[in-house]
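A.B. asks:
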Amino acid sequence: MPLRGFYFFIFLIHMKRLIPSTLILLIFLSSCHTTRITKSQYCKICLETADGIILDTESALLSNSQNDYVKEIIQKEFKNMGINNVFDKYELDYEYFKYGIKNIDKLEDMKALNLNLDIKYILKANVSEMRESEGYDQVDPNSSIYPIPRTPMLNSSLLNYALVETSSGEVVYKIHINTSDSEIPINTKDGMEEYYNLGTSFRTLRVGAKRGTKYIVADCSCPKMSTVRWRRLFQKKQKL
Numbered sequence: 003m004p005l006r007g008f009y010f011f012i013f014l015i016h017m018k019r020l021i022p023s024t025l026i027l028l029i030f031l032s033s034c035h036t037t038r039i040t041k042s043q044y045c046k047i048c049l050e051t052a053d054g055i056i057l058d059t060e061s062a063l064l065s066n067s068q069n070d071y072v073k074e075i076i077q078k079e080f081k082n083m084g085i086n087n088v089f090d091k092y093e094l095d096y097e098y099f100k101y102g103i104k105n106i107d108k109l110e111d112m113k114a115l116n117l118n119l120d121i122k123y124i125l126k127a128n129v130s131e132m133r134e135s136e137g138y139d140q141v142d143p144n145s146s147i148y149p150i151p152r153t154p155m156l157n158s159s160l161l162n163y164a165l166v167e168t169s170s171g172e173v174v175y176k177i178h179i180n181t182s183d184s185e186i187p188i189n190t191k192d193g194m195e196e197y198y199n200l201g202t203s204f205r206t207l208r209v210g211a212k213r214g215t216k217y218i219v220a221d222c223s224c225p226k227m228s229t230v231r232w233r234r235l236f237q238k239k240q241k242l
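Residue numbers for the sequence shown follow the working numbering, so the first one is 3 and each next one is one higher.
#1: Identify which residue in D111, D192, A164 and T181 has its Cα closest to the Cα of Q140.
#2: Please name the residue, chosen from E196, E172 and T168, that lies closest to P143 on a Cα-to-Cα basis.
#3: Consult DSSP for N118 and reduce its assignment to one of helix, strand or coil.
#4: Taking Cβ positions only, does A211 come closer than 8 Å to chain B?
#5: Hey, could you find the ends of the alpha helix (DSSP H) M210 is sitting in?
#6: In its own chain, which residues sit with a C-beta less than 6 Å from the C-beta of D53, not counting the 5 before and 5 after it?
#7: Would you give the residue range spanned by the alpha helix (DSSP H) that K191 belongs to?
#8: For T181, which residues in the same chain have their Cβ closer than 6 Å to its Cβ, ignoring the five residues on either side in sequence?
#9: Identify the residues that DSSP records as bridge partners of R133: which are they?
#10: In whole angstroms, what separates the C-alpha of R51 from that of Y138?
#11: Are three or more beta carbon pairs between the region 214-225 and the region 70-86 nearer than 8 Å?
#12: Below 8 Å between beta carbons: does that hold for T59 and I124?
What follows is the structure, encoded as structure tokens:
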């Protein structure tokens, strides 16, 4: 049995001893994610619903299937926000051939995307960090090292978005999406403190991709002042 599966089995044993209300609370806590979004480039453009966007989401830390899944999440969230002309960079191979586009990272080919395909932006999404928790930790309050604060056992991911304008090749918006989950504390009958984390770092990445994509649309919509209140409300909800 894999180690995380073993911890989950032990966790279920503890769950049987808890009253229903406590069980519901712990399940809720295990699904909580906190997202912190920081900007290294403020949005310079006004994103329109008709704008064409190419997704470039290849990350070395992810498998091919995981990269594809993140891409699908981003594309779906854009569509949910009313932006439908969003394409995987490999979807347009025929159009690339037709217009002689060989490398969408080169300015000349970016301009060809803009002129011939009405692609206004390329969204580059890269995962720079994935941290997996051990899944289980135990603390004896009576030990000599207690009460030295322990480090919370969290899964986390860091997703970076860079929005490139095809007409100029300039990065017009750049954010970093740091998402982590929550551990579940349990006090045992023998006085020990046990901590479980049933999540994964990839699950935090999925949450971060959804929230980050919504944030792009909110932050780059115009007129700018009309989105400030909505964006602040969104930032508060990120911690839910």
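All C-beta atoms, glycine included, are put in the ideal place defined by N, C-alpha and C. Values in this document were obtained by computation on a predicted structure and should not be read as measured data.
C.D. replies: Based on what the coordinates show:
#1: Taking the first residue of the sequence shown as 1, we reach residue 140 at position 138. Considering only alpha carbons, the answer is D192.
#2: Position 141 of the sequence shown, counted from the start, is the residue given in the question as residue 143. Checked all of E196, E172 and T168; the closest Cα to P143 is E196.
#3: The sequence position of residue 118 within the sequence shown is 116, counting from 1. Residue state, collapsed to three classes: helix.
#4: Here chain B cannot be found, since the structure has a single protein chain.
#5: What you label residue 210 is simply residue 208 of the sequence shown in a count that begins at 1. Looking at the sequence itself, residue 210 is Gly, so the reference to Met does not match. S203 to C222 is the span of the alpha helix (DSSP H), which, as asked, contains G210.
#6: Stepping through the sequence shown from its first residue, residue 53 is reached at position 51. Here the set comprises K122.
#7: The residue given as residue 191 occupies position 189 in the sequence shown. Per DSSP, K191 belongs to no alpha helix (DSSP H) and is neither H nor E.
#8: Within the sequence shown, numbered from 1, the residue matching residue 181 stands at position 179. Once the five neighbours on either side are set aside, the close Cβ partners of T181 are H35, T37, S159, T206, V209 and G210.
#9: Reading the sequence shown from its first residue, position 131 is the one you call residue 133. As a beta-bridge residue in DSSP terms, R133 pairs with S158.
#10: Position 49 of the sequence shown holds residue 51. Position 136 of the sequence shown holds residue 138. First, the residue type needs correcting, since residue 51 is Thr and not Arg in the sequence shown. Looking at the two C-alpha atoms, the distance is approximately 45 Å.
#11: A contact exists between the region 214-225 and the region 70-86.
#12: Your numbering for residue 59 matches position 57 in the sequence shown. Your numbering for residue 124 matches position 122 in the sequence shown. At the C-beta level, T59 and I124 stay beyond 8 Å of one another.
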